[in-house]
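Visitor: Structure incoming, see below.
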Ligand SMILES: Nc1ncnc2c1ncn2[C@@H]1O[C@H](COP(=O)(O)OP(=O)(O)O)[C@@H](O)[C@H]1O
Ligand SMILES: [Mg+2]
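Here it is in structure tokens:
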């Protein structure tokens, strides 16, 4: 006698790996997720973003034991409707290998009580960290640098994330971000979630994470504060006058407090003027 099978009732939060070349906008786009954000920053690049993302708290570390403590803290203390950005897998992996080398030379203080010279131990640390991310009741976005896999003739076969080799298997979805002129796209390379298909290409030019994925991840909801922040980010994202004109028109139909809307319009006007001056000088 058994109780019959039931569908798992736990909501599926998104666990996503995003890779791409330096400067395509991976960090900026990931941080534009709605809600309260936590950033584990191994890159040291988070400081320029403080003004734009008042909703984000940063932990700056490359140490695996600090990261494990942080994930444990998030499990018990994270605010509801929050998300985590891990930036980046690549620097984390580099740091871990550096620590392994230090350990083998005997210069790492052996307080961590783990035999870092053993690859099995290193793999287990990586696995443990990713299992902890998976168990969090929030969306998790991990960022990686990328490299190319080439054929013998030198042609590009595929782009792959740089980090521990099993990293992609820990995520439900793997995406690649590309920038081409003033357009930005997300390519869905691997996916186990409904509402989106592998191979799909999403145009994210002047769009935030919340706007791009609100149809895809039903648990993600934008509040009025998120919408106002999204529009402030769009002021930063615009790169030409055509984009500004289109967005200002779109803004007219967005529901938000009039005062916030006027402030954003004023910022767009200022940016438009700035772009005109740059165009004249060129
Ligand atoms: N969606 C965007 N639209 C316009 N500019 C952007 C966008 N995302 C990022 N940028 C600009 O590009 C710079 C690099 O972005 P960043 O997210 O740090 O890149 P990555 O993390 O991929 O190296 C940012 O400082 C910002 O000025
Ligand atoms: Mg970055």
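In this note's numbering, the protein residues as written are 19 to 300. Glycine is no exception: its CB is placed at the ideal position from the N, C-alpha and C atoms. Nothing here was measured: the structure is a model prediction, and the numbers come from that model.
(1) Answer yes or no: do residue 305 and residue 206 have a C-beta to C-beta separation smaller than 8 Å?
(2) Rank 73, 146, 185 and 82 by C-alpha distance to the C-alpha of residue 102 and give the top, closest one.
(3) Is residue 88 helix, strand or coil when you go by DSSP?
(4) In whole angstroms, give me the CA-to-CA distance for residue 224 and residue 243.
(5) Would you check if the distance between the CB atom of residue 155 and the CB atom of residue 33 is smaller than 8 Å?
(6) Looking only at its chain, what residues have a beta carbon closer than 8 Å to the beta carbon of residue 55, apart from the 5 residues adjacent to it on each side?
(7) Is it true that the CB of residue 180 sits closer than 8 Å to the CB of residue 204?
(8) May I ask which residues mark the beginning and end of the alpha helix (DSSP H) holding residue 285?
(9) If we ignore side chains and look at the alpha-carbon of each, how far apart do residue 276 and residue 200 end up?
(10) Just jot down, in chain order, the residues whose CB lies closer than 7 Å to any heavy atom of ligand 2.
(11) Determine the DSSP secondary structure at residue 132, reduced to helix, strand or coil.
(12) So, residue 283 versus residue 266, is the Cβ gap smaller than 8 Å?
(13) Please classify residue 175 as buried or exposed, where buried requires at least 16 neighbouring CB atoms within 10 angstroms.
(14) Taking 7 Å as the line, does the beta carbon of residue 172 fall inside it for any heavy atom of ligand 1?
(15) Under 8 Å between the Cβ atoms of residue 57 and residue 147?
(16) May I have the straight-line CA-CA distance separating residue 287 from residue 298, to the nearest angstrom?
(17) Less than 7 Å separating the Cβ of residue 257 from some heavy atom of ligand 1?
(18) Is DSSP giving residue 65 helix, strand or coil here?
(19) Thinking just about the alpha-carbon of each residue, which of 52, 220 and 140 is nearest to the one in residue 121?
(20) What residue does the beta strand (DSSP E) around residue 202 start on, and which one ends it?
(21) Among 295, 230, 241 and 164, which has the Cα closest to the Cα of residue 185?
(22) Could you check which residue in 145, 211 and 109 has the C-alpha nearest to that of residue 235?
Guide: Well, looking at it:
(1) A query on residue 305 cannot be resolved here, the shown segment of the chain reaching from 19 to 300 and no further.
(2) 73
(3) helix
(4) 18 Å
(5) no
(6) 49, 71, 73, 74, 75, 100, 101, 102 and 103
(7) no
(8) 276-299
(9) 30 Å
(10) 44, 45, 61, 63, 105, 106 and 161
(11) coil
(12) yes
(13) exposed
(14) no
(15) no
(16) 17 Å
(17) yes
(18) helix
(19) 140
(20) 201-209
(21) 164
(22) 211
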